[in-house]
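I have placed the structure first, in the form of structure tokens, so that the comments after it can refer back to it.
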Amino acid sequence: KLTLSQADNQFFKATISSEDMAPERPSHEIIENAWKRLNSFINTDVLNGHGVAGQATRLQQLVNGVLAIDCTAIFMCSDTRREAYQIFQVLNDRGVHLTDGDLLRSSTMELLDDPKLQTIQNELADYWDRVLAYTPNDIDDYLRWYFSSYEGKRPKSSNLSDQFMQRRFAHKKASIVSKAEAKRVLAEVKQMDADFSTLRAIGDGEWPYSSPSKVVEWDRKRLKLLVEALRHTNAMPLLLSLCQLTEKKFAEAVALLERFVFRYKTVGGAHASPMTSLYINHAKQIRDASKYTLTSLKSDLRALANKSVPDSIFEAKMRELAYSPRGNWHIRYLLIVLEDYHQWYDKGAHGAPKCLDKMRVFDFSNTTLEHIYPDSATQGSKVAGLERLKHTVGNLTLLGPGDNNKLANKPFAAKRKLFSKSGLKLNRDIAKKTTWTATHVKQRSTDIVKMALKIFEI
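Take the sequence shown: its position 82, counted from the start at 1, is 421 in my numbering, and no numbers get skipped.
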């Protein structure tokens with residue numbers, strides 16, 4: 340009696356036939372959950388504990404109530420698929436919200452509703468099933484990022500599907516679709532399928548280039564730091580376009596963006612709109628240029644950073660960084676980057692920031708912050724001057740979770756032994772001090788700010 344879309348129909352039939360079939364997409368999970376709830380309702384609320392006669396009566400009441408009172412069935416006859424698609428779109432206004440992807444699928448399938456285009460339409464349906472296999476929120480994001488990457492401007496907040504039809508599918512109302520135009524529609528959805536896969540990978544911090552890689556693991560991990568540690572998704576349209584370049588250029592751009600974002604947004608707190616517009620503009624430039632270099636991107640990022648977060652503001656905000664019980668991902672990120680670029684800084688910080696030892700790669704999720712002077716010093720070991728400074732960046736360092744638990748609130752003398760054996764130069768430098776005073780904390784804070792000004796100079 341009911342046939343679902345090509346992507347769902349087989350799973351739907353298997354579910355209502357009690358066949359064992361694992362869900363492969365969000366829509367399958369919805370079907371499975373609905374079936375489980377329906378069975379639970381029938382078995383628990385309708386049939387449970389009423390005897391055969393009582394069960395029959397309750398089932399009849401249920402059927403009568405659903406069909407005669409609570410529901411109205413309307414038969415709508417359609418002679419053509421085109422008419423059916425139009426009914427679908429009109430009724431959507433009164434039903435469950437559909438994603439712009441659902442509406443685009445309906446509109447493009449309607450465009451190709453011609454017996455001569457049946458083969459292309461069938462292939463189009465397969466690709467739409469792949470595109471719409473993501474969660475609704477992801478589909479929404481991917482469509483906007485995809486549109487921005489190709490069009491060089493952000494889509495309006497409403498009517499995204501209409502903008503896609505006009506700009507990406509170049510569709511004019513009441514136009515007859517030729518076979519060549521149908522192939523272009525299919526090619527666009529194929530590209531969306533490929534790019535959505537890339538966007539998913541980038542969003543998960545996965546390197547979008549296949550093995551063997553032409554860059555080392557340290558370079559690849561910068562992407563994970565950008566999208567996960569710095570929680571930055573504004574650059575997704577630009578990153579999608581950057582995938583058109585060589586792997587080495589992509590790695591260089593990611594390292595540049597990572598340092599820019601920390602200065603401009605994470606510490607500087609500057610408005611996202613100019614930054615996002617810059618990203619989208621360069622995303623389009625990459626697609627339009629026969630040979631794109633990163634020089635113009637770097638120049639524009641530098642100009643925006645210097646305008647919105649000049650050294651004076653960056654330095655002032657860096658000095659305000661402090662430990663918070665609510666989260667300190669930005670300080671962990673900062674200390675990781677300082678360690679990565681420590682050798683370059685110690686050798687005079689000449690030229691663009693560069694990691695001179697890429698053999699060591701930090702696992703951001705497994706780094707913890709440690710208070711050098713204890714966060715909760717015992718009553719007898721408290722120092723008034725250090726209590727006032729204990730949460731400042733000068734009194735914080737990086738440890739693995741195991742070492743952090745070992746040291747806990749131990750005094751500096753005990754921590755110094757572990758710091759002296761640390762693989763981190765930041766910690767070995769701390770261990771050179773025989774005592775830990777307020778003066779040492781203030782000086783270390785100053786040193787960290789001076790390093791940051793060099794490393795995060797765009």
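Cβ atoms here follow ideal geometry from the backbone N, Cα and C, with glycine treated the same way.
Where residue i falls: helix, strand or coil (DSSP)
{"i": "T707", "result": "strand"}
{"i": "L471", "result": "coil"}
{"i": "L343", "result": "coil"}
{"i": "T774", "result": "coil"}
{"i": "L677", "result": "helix"}
{"i": "Q661", "result": "Before going further, note that residue 661 is Ala rather than Gln in the sequence given. Three-state DSSP puts A661 in a strand."}
{"i": "T731", "result": "strand"}
{"i": "T572", "result": "coil"}
{"i": "T736", "result": "strand"}
{"i": "T615", "result": "helix"}
{"i": "Y631", "result": "coil"}
{"i": "I797", "result": "coil"}
{"i": "F758", "result": "helix"}
{"i": "K553", "result": "coil"}
{"i": "F351", "result": "helix"}
{"i": "I413", "result": "coil"}
{"i": "D359", "result": "coil"}
{"i": "V788", "result": "helix"}
{"i": "S720", "result": "helix"}
{"i": "M448", "result": "helix"}
{"i": "W668", "result": "helix"}
{"i": "Y485", "result": "helix"}
{"i": "F508", "result": "coil"}
{"i": "G440", "result": "helix"}
{"i": "S496", "result": "coil"}
{"i": "E545", "result": "coil"}
{"i": "R699", "result": "coil"}
For residue i, the nearest candidate out of the options (CA to CA)
{"i": "H710", "options": "W775, V700, D679, S612", "result": "W775"}
{"i": "F535", "options": "A791, L482, V676", "result": "L482"}
{"i": "L660", "options": "T785, S357, Q400", "result": "T785"}
{"i": "E490", "options": "W683, P750, I619", "result": "I619"}
{"i": "E597", "options": "V528, E654, H669, A628", "result": "H669"}
{"i": "D696", "options": "A777, S379, D558, S344", "result": "D558"}
{"i": "K686", "options": "K375, V391, S356, M790", "result": "M790"}
{"i": "A373", "options": "L386, S629, F351", "result": "F351"}
{"i": "W467", "options": "A346, Q682, D702, A628", "result": "A346"}
{"i": "Q399", "options": "T411, V385, C410", "result": "V385"}
{"i": "M448", "options": "E358, P475, S344, S496", "result": "S344"}
{"i": "K656", "options": "A609, Q530, Y548, L728", "result": "A609"}
{"i": "P750", "options": "D532, R767, T773, G739", "result": "T773"}
{"i": "V732", "options": "D702, Q782, G393, V516", "result": "Q782"}
Cβ separation of residue i and residue j, assumed to be a contact under 8 angstroms, to the nearest whole Å
{"i": "L569", "j": "F601", "result": "6 angstroms"}
{"i": "I797", "j": "L640", "result": "5 angstroms"}
{"i": "M614", "j": "W484", "result": "Contact flag wrong, Cβ pair sits at about 15 angstroms."}
{"i": "I370", "j": "T383", "result": "That pair is no contact at about 20 angstroms."}
{"i": "E556", "j": "V676", "result": "Contact doesn't hold; Cβ gap of about 16 angstroms is too wide."}
{"i": "A296", "j": "R364", "result": "In the structure displayed, the chain extends from 340 to 797; residue 296 sits before or after that span and is not available."}
{"i": "V788", "j": "N734", "result": "Their Cβ separation, rounded to whole angstroms, is 14 angstroms, which puts V788 and N734 out of contact at 8 angstroms."}
{"i": "R507", "j": "F486", "result": "7 angstroms"}
{"i": "L450", "j": "H510", "result": "7 angstroms"}
{"i": "A592", "j": "L636", "result": "7 angstroms"}
{"i": "Y631", "j": "H730", "result": "No, Y631 and H730 are not in contact; Cβ-Cβ is about 44 angstroms, not under 8 angstroms."}
Neighbourhood of residue i by C-beta, 7 angstroms cutoff - its chain only, sequence neighbours within 5 removed
{"i": "S488", "result": "P576, L579, S580, A622"}
{"i": "M698", "result": "none"}
{"i": "I769", "result": "I711, T736, F758"}
{"i": "T389", "result": "The sequence given here has His at residue 389, not Thr. Only R397 meet the Cβ criterion."}
{"i": "G544", "result": "L562, K563, V566, E567"}
{"i": "Q682", "result": "L695, D696"}
{"i": "K286", "result": "Residue 286 cannot be examined here, being either before or after the span of the chain that is shown, 340 to 797."}
{"i": "I459", "result": "L451, A521, K522, L525"}
{"i": "A688", "result": "K793"}
Same chain, Cβ closer than 6 angstroms to residue i, five either side skipped, listed in chain order
{"i": "S571", "result": "Per the sequence shown, residue 571 should be read as His rather than Ser. Here the set comprises L565, V600."}
{"i": "G456", "result": "This sequence places Leu at residue 456; Gly is not what is there. Cβ within range, chain order: A521."}
{"i": "I413", "result": "none"}
{"i": "T474", "result": "P365"}
{"i": "L674", "result": "L737"}
{"i": "A540", "result": "P547"}
Cutoff 8 angstroms: residue i Cβ touching any chain D Cβ
{"i": "T634", "result": "As a matter of chain content, chain D is missing from the structure shown, which is built from one protein chain."}
Can you find at least 3 beta carbon pairs, one from the region 715-735 and one from the region 687-695, that sit closer than 8 angstroms? Result no; under three Cβ-Cβ pairs closer than 8 angstroms.
- Would you be able to state if there are at least three C-beta pairs under 8 angstroms between the region 537-554 and the region 580-587? Enough Cβ pairs lie closer than 8 angstroms, so yes.
Just checking, does the region 604-613 make contact with the region 635-653 on the three C-beta pairs under 8 angstroms criterion? yes
Count the CB pairs spanning the region 492-506 and the region 435-450 that are closer than 8 angstroms, and state whether there are at least three.
The region 492-506 makes contact with the region 435-450, as at least three CB pairs between them are under 8 angstroms.
The region 758-767 in contact with the region 659-678 per 3-pair CB rule at 8 angstroms:
yes
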